[in-house]
Amino acid sequence: MEISSYFCPKSRALLNIDNLGIEFAGRWLLRNASYQFFPGDRIGLIGRNGAGKSTLLKVLAGQMSQSEGHIHQAGKVRIAYFHQDLLSYHTDKPISDVAREGFGPLLKLKEDIDDMLERMEAGETSQEVWDRLADSQARFEAQGGNQIEAQVHSILSGLGFRPEEHEQPYYTFSGGWRMRVLLAQMLLNSPDVLLLDEPTNHLDLPSIQWLESYLKNYPGTCIVVSHDRFFIDRVANKIVEISLKQLHTYTGNYSYFLAEKALRQEQHRRAYDNQQKFIEDQELFINRFRYKSSKATQVQSRVKQLEKLDRVEPPEEETGSMSFRFKLKVNSGKEVLTLSDIHKAYDGKTVIDHTSATVMRGDKIALIGANGIGKSTFLRVMAGTEPFEGNCKIGHNVIYSFFAQHQLEALNLKNNIFDEIAACATDKTEAELRSVLGCFMFSGDDILKKIQVLSGGEKSRVALAKTLLSEANFLLLDEPTNHLDMGSIQVLVQALKAFEGTFVVVSHDRFFLQQIANKVWYVEDRQIKEYPGTYEEYEWWREKQNAPAADIQKPVRNKQPEESIVTETLDYRNQKQYKNKLRKLTRDQENIETEISRLETEIHEVEQKMSLPEIASDFDRLLKEQELHQKLHTRLEEATEKWEEILLEIETLAGE
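Residue numbers (my numbering): 6 to 661.
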């Protein structure tokens with residue numbers, strides 16, 4: 006792909022789609038859609054499953070033709086398209102060489118420079134060669150040629166590769182790590198338009214956070230399809246939704262989109278309802294007076310009026326309105342699982358080093374850490390499917406269910422989807438099972454597909470549905486959101502929030518973790534360590550831990566032995582002021598924690614009310630509850646900020 010010297014001003018669109026239509030498998034995904042993509046746009050492309058997000062990216066990338074309309078490019082626009090099918094690429098080159106190919110034309114320029122230098126060393130020293138060499142070297146430096154190696158290793162490290170892995174052959178890495186190398190190559194190419202289809206699928210949390218930072222400063226146009234709500238929220242400055250065969254634009258991130266879409270949906274529903282009422286009235290008049298000669302002119306006028314009417318599309322039904330609730334066969338004992346002195350090593354490399362942990366009833370644990378650090382291994386140890394040293398004791402009445410990718414092998418390939426899940430939920434009606442499958446993106450005749458013809462992602466969703474129908478009171482879930490869309494993830498969130506049992510989940514989806522976890526286990530120094538709070542609180546705490554000491558507390562001056570106790574260095578008055586201030590801050594902290602707990606309870610109660618059929622179907626009541634929900638969330642955010650300020654004051658006071 007040739008590096009273009011083309012420069013597009015901020016005010017000029019790089020891509021312009023005009024009355025675009027895309028038909029796929031006999032169904033229109035887009036019709037008469039128009040949009041302009043500008044430099045600096047970071048667009049989150051969203052829509053329900055099957056709306057056409059990936060198909061639109063293929064059309065923009067030139068890998069598929071549109072059915073109608075036009076796509077205009079502003080000059081020589083370079084487009085790069087990252088997608089899951091790139092895994093077909095194979096090579097035995099080191100990954101640094103594969104990533105370096107992103108600089109293709111610049112590397113060709115360097116080859117020309119090296120060739121000219123060799124010719125000069127061989128005695129060819131004409132003025133023409135000198136001029137060409139000087140020009141090529143100037144262009145090489147101007148285009149950042151001297152920074153190639155630094156950029157290659159910086160981006161590979163940012164995507165999670167250790168320095169010693171940069172020279173390892175590409176083919177020795179697993180599929181997920183190969184995708185990271187190809188993503189690095191694409192980023193190094195610095196295209197004008199970057200199309201990313203599920204870029205976080207094979208990334209761990211540190212790499213996702215690095216990619217977020219990288220894309221926030223991307224100068225070109227970036228269009229991202231992702232089910233990772235936090236990623237879209239932090240990267241996108243515009244949301245484009247595919248809905249009703251059109252592109253609907255929202256200037257803001259995903260959180261802004263959710264609020265604004267609710268308003269647009271209500272306006273659309275009212276416009277549709279009003280038009281339907283108008284059509285009904287006109288048709289009633291036409292049918293009533295069709296055969297009366299005295300009304301013939303009026304009847305014909307209304308018939309023509311209906312023929313010319315620009316019909317409002319019926320509102321799309323939201324899949325998120327579906328719900329799923331667990332049923333427990335029996336409650337477990339207080340201690341669900343006790344792990345003592347657990348040790349695990351592969352080929353002499355220690356992954357978990359003599360660590361201990363306890364899972365208590367009601368724990369909803371997020372197990373996090375970089376890829377390859379031992380999360381899934383530890384989950385398999387808890388499930389009893391991984392040999393280890395140490396002791397793992399299962400508590401009284403504990404029934405566990407384990408979801409992981411290898412569970413796909415346990416599916417009966419001869420069954421269809423419906424029969425496969427019906428076999429593990431004999432007490433469920435057909436309607437209930439269809440509802441459950443609908444939550445996991447199987448509807449209509451899809452449920453009659455044989456397991457053997459399903460894709461890996463579809464099999465994964467079937468296995469997850471079986472896990473959740475098992476009536477277990479202890480769930481072990483390894484990346485359960487990997488093949489779900491945003492609607493299905495929300496269904497899973499609501500189900501896990503209402504789950505009365507215990508679970509440990511490995512996931513890199515931060516929105517999902519924040520919604521469902523009340524504890525965080527993180528792997529550090531080959532040990533399992535615990536943070537007793539939500540994922541958001543853990544991130545805040547972790548950020549403080551990693552901040553420079555000067556940002557957290559004042560430096561402590563050197564003390565003489567007799568100054569080892571703070572109270573000995575303060576006179577009585579200062580001691581009293583210190584104690585009074587600390588007592589007041591502690592009291593304020595306790596009060597605000599009580600307020601936070603009360604607000605969280607109220608928010609949970611409102612969310613439960615919003616899920617009731619009689620409220621969900623009544624717009625006015627639902628709108629009232631949504632407004633209350635938003636007010637409570639605002640107050641909770643304010644209270645949390647106040648709590649953080651008080652905590653910082655206490656820590657600062659203790660450091661003085």
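Beta carbons are placed, not taken as given, at the ideal position from N, Cα and C, and that holds for glycine.
Spatial distance of residue i from residue j (CA atoms)
i	j	result
A644	I601	6 Å
V496	C444	7 Å
E73	R36	8 Å
G338	A427	29 Å
V64	H488	23 Å
G149	L208	28 Å
E646	N151	45 Å
Y11	K81	The predicted position of Y11 is uncertain, since its pLDDT is 36 and thus under 50; no value can be drawn from it.
F43	Y223	12 Å
L342	V403	8 Å
I494	R466	11 Å
K564	Q532	Annotation note: pLDDT 38 at K564 (below 50); position unreliable, coordinate value reported separately. So the alpha carbons of these two residues sit roughly 35 Å apart.
K419	N54	26 Å
I51	D593	43 Å
Contact under 8 Å by Cβ, residue i with residue j
i	j	result
N478	L384	no
L469	V509	no
E541	Q519	yes
F262	I247	no
Y527	I373	yes
L252	A38	yes
V611	E630	yes
I76	L138	no
I370	A522	yes
V511	D483	yes
R183	Y175	yes
L34	A66	no
W215	G180	no
V198	T177	no
Proximity winner among the options, relative to residue i (alpha-carbon distances)
i	options	result
D102	N279, R144, D119, V157	V157
K349	E391, K398, I51	E391
L344	V335, N396, S381	N396
F516	Y223, L210, M121	L210
L187	Y86, W545, F331, V341	Y86
H232	S59, E544, L91	S59
V134	F236, L192, A147, I118	I118
V240	T254, G225, V230, K221	K221
N376	T431, L501, S212	S212
T355	G379, G57, R366, I370	G379
R47	I160, V230, G492	V230
G45	Y176, K297, D97, A18	A18
W648	R295, S218, T591, L637	T591
S159	Y219, A147, P110	Y219
Exposure of residue i, with buried meaning 16 or more beta-carbon neighbours within 10 Å
i	result
L653	exposed
F408	buried
P485	buried
V1	Nothing about residue 1 can be reported from this structure: the residues present for the chain run from 6 to 661 only.
Y94	exposed
I651	buried
V525	buried
A362	buried
V335	exposed
E203	buried
Y259	buried
E425	buried
E642	exposed
K113	exposed
N194	buried
Q190	buried
Q281	exposed
G31	exposed
L192	buried
P196	buried
D514	buried
K636	exposed
K586	exposed
Length at least 4, wholly inside the region 582-613: the alpha helix (DSSP H) runs in chain order: When DSSP assignments are scanned along the region 582-613, no uninterrupted stretch of alpha helix (DSSP H) that is 4 or more residues long falls wholly within it.
Ignoring anything shorter than 4 residues, give me the alpha helix (DSSP H) runs that lie fully in the region 69-132, in order along the chain. Counting only runs of 4 or more, we get 100-105, 109-126.
Jot down the residue ranges of each uninterrupted alpha helix (DSSP H) in the region 22-54, minimum 4 residues, whole runs only, in chain order. Within the region 22-54, complete alpha helix (DSSP H) segments of at least 4 residues are not found at all.
Which complete alpha helix (DSSP H) runs does the region 407-492 hold, if anything under 4 residues is left out? If one requires a minimum length of 4 residues, the alpha helix (DSSP H) runs lying completely within the region 407-492 are 422-427, 435-444, 461-473, in chain order.
Considering only residues of the region 181-210, which uninterrupted alpha helix (DSSP H) runs meet the minimum length of 4 residues and lie entirely inside it, listed in chain order? List check, alpha helix (DSSP H) in window: nothing returned.
Please list the segments of the beta strand (DSSP E) lying wholly inside the region 313-381, counting only runs of 3 or more residues, in order along the chain. Listed in chain order, they are 340-351, 354-365, 369-373.
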